[in-house]
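Report on one structure; see the data block that follows.
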Amino acid sequence: EAERARLAPVQILSRFDQLEGEMLARFFAFLDRNETTRFVHWNMRDITYGFEAIEHRYTVLGGTPVKIPSLQRIDLARLLVEIYGTNYIEAPPLDAIARLKKVSTAGLLMGMTEADAFTTGDYAGVQRSALGKTRLLYDLLHLVHDKTLKTRANLWTMNTGRLREAVQLFDNSP
């Protein structure tokens, strides 16, 4: 939004709420146009860092958010644990998966590094990082779908997860 408005970096902070509101308006308009789409995410499941946080912020800025139903949200981080078990890869998983895939992590900002970049006004760095993470999640999702993701999980771990799902299904639907 700052680029669209042709703002210099020093002008962004003074118009931050307006720019964020415009960005979120575009985001929620996109959600409204794509109401049946499934959304893949990484650990975005609470009010601190998740869809609820985005909805809350837009409400604070005066907007009316479009809610994505829970069934249309796919938490890839949880899905990997369900499929491959809790120790499928070393921590932090996104870094480890990128190394495993031999994908460059140059430009990816993780955790507090990304938050610090945002705070210091490195918006271009945050944007590059977000695009890189999106590419990584896209690739990862395809590897999981194709059953070609290499992990530390063994067949026993993966199959006990399936057994657990079957037991839960039976318990929930006798």
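Heads up: the sequence shown begins at -11 in my numbering, then just goes up one per residue. Using N, Cα and C, we set each Cβ at its ideal position, and we do this for glycine too.
Since residue i and residue j are thought to touch, with beta carbons under 8 Å apart, how far apart are those beta carbons, to the nearest angstrom?
i	j	result
ASP63	ASN31	7 Å
MET98	PRO80	6 Å
GLU(-9)	LEU49	That belief does not hold up - the Cβ atoms of GLU(-9) and LEU49 are roughly 20 Å apart, past 8 Å.
ALA105	VAL114	5 Å
ILE56	LEU19	6 Å
ARG33	GLN60	Contact doesn't hold; Cβ gap of about 13 Å is too wide.
Using the Cβ count rule (16 or more neighbours within 10 Å means buried), how would you classify residue i?
i	result
SER58	exposed
LEU1	exposed
SER161	exposed
THR107	exposed
THR122	exposed
THR36	exposed
ALA(-7)	exposed
ALA103	exposed
ALA141	buried
PHE39	buried
THR139	buried
Assuming contact is defined by CB atoms lying nearer than 8 Å, are residue i and residue j in contact in what I supplied?
i	j	result
GLY120	LEU88	no
LEU68	VAL132	yes
LEU137	ALA86	no
GLY51	ALA94	no
GLU10	GLU(-11)	yes
PRO53	PHE16	yes
Subject >> Three CB pairs or more closer than 8 Å across the stretch 34 to 54 and the stretch 71 to 81 >> reply: Cβ pair count under 8 Å is below three, so no.
Subject >> 3-residue-minimum beta strand (DSSP E) runs that sit fully inside the stretch 16 to 48, ordered along the chain >> reply: Within the stretch 16 to 48, complete beta strand (DSSP E) segments of at least 3 residues are found at 27 to 29, given in chain order.
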